[in-house]
Amino acid sequence: MPSTSPSTVLVTGATGYVGGRLVPCLLREGYTVRCFVRSADRLRAKPWSDEVEVAVGDALEADTVPPAMEGVDAVYYLIHSLGAGEDTFEDRDRKAATNV
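Using the working numbering, the first residue of the sequence shown is number 774, and each one after it goes up by one.
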């Protein structure tokens, strides 16, 4: 943990397998955690949901990313989109990573 004040970290993919396990670890270490999610409803099912800040958006929509990142010291990029669409998985993943 930082030696000064607790850092604020943004976790993308917080409702996924890895993100869902990382968030409680960060909270235990004293970090302020902001979760960037497409659906706040899915996040509410997590036992730690009342301990985090929630930023609703979609990494594929560039204009939703900057507000989520405001005041953040670090980002954990854990997005893995399996959604169907015209773009390939690689195209969607590249676009989301570029936006974040």
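Ideal Cβ positions, reconstructed from N, Cα and C, are used throughout, including at glycine. Being a predicted model, the structure only gives us computed values, none of them experimental.
Hey, how far is the Cα of residue i from the Cα of residue j?
i	j	result
Phe809	Pro779	19 Å
Pro797	Trp821	7 Å
Glu863	Leu799	29 Å
Val806	Arg865	25 Å
Asn872	Pro839	9 Å
Leu816	Val829	10 Å
Asp860	Met842	26 Å
Asp836	Val845	17 Å
So is residue i buried or exposed if we call it buried at 16+ other beta carbons inside 10 Å?
i	result
Gly792	buried
Thr785	buried
Ala870	exposed
Is DSSP giving residue i helix, strand or coil here?
i	result
Leu816	helix
Ala787	coil
Val825	coil
Val845	coil
Can you list, in chain order, the residues of its chain whose CB lies under 6 Å from that of residue i, leaving out five sequence neighbours each side?
i	result
Arg811	Asp831
In chain order, what residues of the same chain have a beta carbon less than 7 Å from the beta carbon of residue i, not counting five sequence neighbours either side?
i	result
Lys868	Leu833
Gly789	Leu851 and His853
Glu824	Leu800
Ala847	Ser780 and Val782
Using a Cβ-Cβ cutoff of less than 8 Å, which residues in the same chain neighbour residue i once the five nearest sequence positions on both sides are dropped?
i	result
Tyr827	According to the sequence displayed, residue 827 carries Val and not Tyr. Arg807, Cys808, Val810, Ala813 and Leu816.
Lys819	Ala787, Thr788, Gly793 and Val796
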